[in-house]
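Asks: So that we are looking at the same thing, I have put the structure below in structure tokens.
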Amino acid sequence: MFIKTTFRHVLFSLAVFSGTSAISTAASAADTNKAEPEVIFICTGNTGRSPMAEALAKQLVQKNNWNIDVESRGVNVDPKEITPEKGTETLLKQRGIDISDHRAQSLTEQDITKADYLLTMTESHKEKVLKRFPQSAGKVFTLAEFAKNENKDLDDPWGKPMPAYQKVADQLDTYLPLALEKIATAKPTK
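Quick note, the sequence shown lines up with residues -29 to -1, 1 to 161 if you use mature numbering (1 follows the signal peptide of the UniProt record, and there is no 0).
Written out as structure tokens, the structure reads:
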């Protein structure tokens, strides 16, 4: 584990030093012993944005026949609020996706170890992951950064009306296909 993490960190550092895209380097450093790469989408409570990203990503993975394992987690899960936000659930139902069984889960050390890509919804989430799990350096990015090399956060729709959830879905519709295609092509499907 330490060697694999250190190797990724060295690749990330070399990429930054040499001017090579750190994202491309991280993509090529995916664990080649695994059957498929694993991506974990991360937001605050794992009840809104990240489960929406997970559900939409799973739909894209299936549609495109990509071998990518997709999950979601939160950096600050409230044990009293573990079911999906109604706005997220409603929006996904309109797209034919049922996430009523989803239960929020906190990001763990085990998640960091097994994941090849940690894609956060905001820069703040990324910073929290790096602070809590320094060994995640080189494989944690914001979704916008990984997909389009943009410095943009996905807005938090929590407690807002449906248009806020639609805006997040629109952002995910932009970033997810690009991010997942990078992951799928970085490690050939088996």
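No residue lacks a Cβ here, since even glycine has one placed at the ideal position from N, Cα and C.
Pairs of beta-carbons, one from the region 113 to 125 and one from the region 48 to 68, closer than 8 Å: are there three or more?
Replies: No, because fewer than three Cβ pairs between the region 113 to 125 and the region 48 to 68 fall closer than 8 Å, the two stretches do not touch.
Asks: Of the choices Met23, Thr156, Gln142, Ala150, whose alpha-carbon is the least far from that of Lys64?
Replies: Checked all of Met23, Thr156, Gln142, Ala150; the closest Cα to Lys64 is Met23.
Asks: Mapping DSSP to helix, strand and coil, what is Asp82?
Replies: If DSSP states are grouped into helix, strand and coil, Asp82 belongs with the helices.
Asks: Taking 7 Å as the limit between beta carbons, can you name the residues of its chain near Thr93, skipping five residues before and five after?
Replies: Cβ within range, chain order: Thr113, Asp124, Leu125.
Asks: So, Tyr136 versus Pro8, is the Cβ gap smaller than 8 Å?
Replies: For Tyr136 and Pro8, no; Cβs fall outside 8 Å.
Asks: Can you tell me the Cα-Cα spacing of Thr145 and Lys119, whole angstroms?
Replies: Rounded to the nearest angstrom, the two C-alpha atoms are 9 Å apart.
Asks: Nearest to Ala6 by CA position, among Asn38, Gln30, Ala26, is which residue?
Replies: Considering only alpha carbons, the answer is Asn38.
Asks: Output needed for Leu101: all residues of its chain with C-beta closer than 7 Å, excluding positions within five of it in sequence on either side, in chain order.
Replies: If we look at Leu101 and ignore the five residues flanking it on each side, its Cβ neighbours are Ser107, Ala108, Val111.
Asks: Cα separation between Glu153 and Ala75?
Replies: The sequence shown places Lys at residue 153, not Glu. Each residue's Cα considered, the two are about 27 Å apart.
Asks: Between Gln142 and the rest of its own chain, which residues show a CB-CB distance below 6 Å, the 5 nearest in sequence each way excluded?
Replies: If we look at Gln142 and ignore the five residues flanking it on each side, its Cβ neighbours are Leu125.
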